[in-house]
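The structure appears right after this line, and notes come after that.
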Amino acid sequence: MKSNRFLMAVPFLLGTTALVYGADPAQTIYPVDDAHGFFSLSGTVGGVVMDLPDGGGLFLGEGANDANDLLFGGTAGVSAAIGTGPVLGGLQGFIGLNLFGTYAYADVNKTSAFTGPGVVVMQGGTGPFSSLITIATSSGATSAFADITSTHTNPDGGGEAVVVEAVTNPGPGAEDAPYTSNAVVGNSFQWGGGQTRVDGAGGSATAYAALADENGGVFIAAGNLDGLNLTQSTAPKRFTSAAT
Amino acid sequence: MSGQNGTTTLQGYVGPSYRYLAQRNTTTSNLVVDVPEYAGVAEFPLLTISGTDTFSSHYMGGIAGLMATIPTSATTALTIGVEGGAYYTMASLSSDGVYTVSGGDLDVGGGVINPPPAPGAVAPISIEYDGVQYEAETIAFAARGTAAYTMAIAQHAQLTFSGSVDYLSAVAQTGVNASIVGYDGDDDGSVTYQSGGDNERISWGHMVNLSGSVSLTGQF
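Take a look at the structure:
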């Protein structure tokens, strides 16, 4: 109901445009006749550079090459204005309408190489149906641990529950604990693992978790992200139109 | 409406405004966990994520602005303008994609995993999601600065070269529902992620546009 009300309001808003400026600065050097109105029409073309939110994930890792990607495109518009003659004690009045459309595009291929401590979260769709993932990592001079607990209920029934712990205590030493898990019922999986290491330079801990089903999926990496490479090819397209 | 202040012409304007913003992000991400295996026993399988997010946003509100035009000769003028606006904004998101897992070696050595995975390479798994829909609404604010140079090319025709900077405070983007503690300089921390009914998939970011244009104007 809310959407319908606003769509119906659009013609009313545009139809009541009043005291809108002359659509183009050029009008100001046109010799306006105070006693008579006039009609002005402008056509505009140009180029545009857009810096919009990247979207597609949440990058909190230090060293993440999550540069803002610029979009390039063109714009075209039509403006019209009608002079109404003197208003409000001698000021020139205009009623106008501006219409324009802008299209911008980018084709981006980039690799984000993560270093140091941080978190990367990427979600697709709604994220998985009814899931809870908890990750904890810690390391010291002589010990390190990476824990993952992930539970998931599949919308078709069934699901997965995984508990993973990679521990190096006491060091020196190292541990890798990758996992995958399929739902017995339904269409889903889990993926992830923990890594710990203690050597002469101290401890390191990293945990990964991913979960996907027919609603969507999520990927999380947390801890020491040294060596994590995220390669993306992105083709964002944006179209903007406006009426004022 | 406009008025004169010496040789400078001032124009003020106010009115309703509508914007439609469509975004289509086709994102293919190949996620490579390229961590050297510490213990040299297990290998992480490859996870690949591919997805398409499509946003549609409607902005309904009003604008107001002020412009000053300074003649630079008998047939040319320089114009400086500022504009502000406020909009009620509605955004929708449609999302689809696929997650796949393949390869690797789950011979985990001393790791504690419950339930324990079958050791060896992982058979390929592919999960598709399709047609997921979200909606969100907020209030957006807009600002614009414009500079233009206009020359008369005929008695009732002008050519204008202009540049502008646009700012919009709320543009729909993807978001996730994750709580993060720590990781502020070391790898001691925790992450909690929960999907479900309160998961806000749409978040808001700002937009900046730079544009240059040429306009041909005629009076009739």
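Chains as they are written, first to last, in the numbering used here: chain L, 1 to 244; chain C, 1001 to 1220.
Just so you know, even glycine gets a beta-carbon here, dropped at the ideal spot from N, CA and C.
Return the bridge partner residues of residue i from the DSSP annotation.
| i | result |
| --- | --- |
| Ser1092 (chain C) | C:Ser1056, C:Glu1135 |
| Gly1081 (chain C) | C:Met1067, C:Thr1146 |
| Ser1213 (chain C) | L:Gly46, C:Ser1162 |
| Pro1016 (chain C) | C:Gly1062 |
| Thr1075 (chain C) | Paired residues: none, contrary to the question. |
| Gln1173 (chain C) | C:Ser1203 |
| Leu1021 (chain C) | L:Thr240, C:Ser1057 |
| Gly1097 (chain C) | C:Gly1051, C:Tyr1129 |
| Ala1157 (chain C) | C:Ala1154, C:Gly1218 |
| Asp1105 (chain C) | C:Glu1043 |
| Ala1086 (chain C) | C:Gly1062, C:Phe1141 |
| Leu71 (chain L) | L:Met50 |
On the CB-based measure, 16 or more other CB atoms within 10 Å of its CB, does residue i come out buried or exposed?
| i | result |
| --- | --- |
| Ala141 (chain L) | exposed |
| Asp107 (chain L) | exposed |
| Gly56 (chain L) | Per-residue confidence for Gly56 (chain L) stands at a pLDDT of 47, beneath the threshold of 50, marking its modelled position as unreliable; the derived number appears in the next sentence. Buried. |
| Asp1188 (chain C) | buried |
| Phe94 (chain L) | buried |
| Ser1215 (chain C) | buried |
| Ser1213 (chain C) | buried |
| Ala81 (chain L) | buried |
| Gly1120 (chain C) | exposed |
| Gln1011 (chain C) | buried |
| Asp1184 (chain C) | exposed |
| Val1157 (chain C) | The sequence given here has Ala at residue 1157 (chain C), not Val. Exposed. |
| Ile133 (chain L) | buried |
| Leu230 (chain L) | buried |
| Ile1139 (chain C) | exposed |
| Gly77 (chain L) | buried |
| Met122 (chain L) | buried |
| Ala222 (chain L) | buried |
| Gly83 (chain L) | buried |
| Gly1145 (chain C) | exposed |
| Leu88 (chain L) | exposed |
| Gln1221 (chain C) | Residue 1221 (chain C) cannot be examined here, being either before or after the span of chain C that is shown, 1001 to 1220. |
| Gln1155 (chain C) | exposed |
| Gly1103 (chain C) | exposed |
| Ala1118 (chain C) | exposed |
With residue i as the anchor, note down where its beta strand (DSSP E) starts and where it stops.
| i | result |
| --- | --- |
| Thr44 (chain L) | 39 to 51 |
| Glu160 (chain L) | 159 to 168 |
| Thr151 (chain L) | 144 to 153 |
| Tyr1193 (chain C) | 1189 to 1194 |
| Phe219 (chain L) | 216 to 224 |
| Pro1119 (chain C) | Run containing Pro1119 (chain C): none; DSSP gives neither H nor E here. |
| Pro178 (chain L) | 173 to 182 |
| Gln195 (chain L) | 189 to 199 |
| Val1041 (chain C) | Here Val1041 (chain C) belongs to no beta strand (DSSP E), and DSSP marks it neither H nor E. |
| Ser131 (chain L) | 131 to 139 |
| Gly203 (chain L) | 202 to 213 |
| Gly1182 (chain C) | 1178 to 1182 |
What's the gap between the Cα of residue i and the Cα of residue j?
| i | j | result |
| --- | --- | --- |
| Ser1203 (chain C) | Ile220 (chain L) | 18 Å |
| Gln1023 (chain C) | Val162 (chain L) | 37 Å |
| Tyr1193 (chain C) | Thr1217 (chain C) | 56 Å |
| Asp213 (chain L) | Val1176 (chain C) | 16 Å |
| Tyr1167 (chain C) | Arg1201 (chain C) | 23 Å |
| Val1082 (chain C) | Asn1209 (chain C) | 15 Å |
| Ala113 (chain L) | Asn224 (chain L) | 12 Å |
| His1206 (chain C) | Ala1143 (chain C) | 12 Å |
| Gln190 (chain L) | Tyr1087 (chain C) | 42 Å |
| Gly1182 (chain C) | Tyr208 (chain L) | 16 Å |
| Asp1269 (chain C) | Gly1085 (chain C) | No information on residue 1269 (chain C) is available, as it lies outside the stretch 1001 to 1220 that chain C covers here. |
| Asp1107 (chain C) | Ala1123 (chain C) | 14 Å |
| Pro172 (chain L) | Ile1180 (chain C) | 29 Å |
| Gly200 (chain L) | Phe1044 (chain C) | 25 Å |
| Gly1163 (chain C) | Gly46 (chain L) | 9 Å |
| Leu99 (chain L) | Met50 (chain L) | 19 Å |
| Tyr105 (chain L) | Val1132 (chain C) | 24 Å |
| Asp156 (chain L) | Asn215 (chain L) | 11 Å |
| Met1151 (chain C) | Thr75 (chain L) | 21 Å |
| Thr1089 (chain C) | Gly192 (chain L) | 38 Å |
| Gly159 (chain L) | Thr151 (chain L) | 8 Å |
| Thr1048 (chain C) | Asn109 (chain L) | 15 Å |
| Met1067 (chain C) | Leu1159 (chain C) | 18 Å |
| Leu7 (chain L) | Val1171 (chain C) | Caution applies to Leu7 (chain L), whose pLDDT of 27 falls short of 50 and renders its modelled position unreliable; the model cannot decide the point. |
| Gln1219 (chain C) | Ala1091 (chain C) | 39 Å |
| Gly227 (chain L) | Thr115 (chain L) | 7 Å |
Could you give the uninterrupted runs of the alpha helix (DSSP H) lying entirely in the stretch 73 to 128 of chain L, keeping only those of 4 residues or more? As summarised for the stretch 73 to 128 of chain L, there are no continuous alpha helix (DSSP H) elements at least 4 residues long confined to that stretch.
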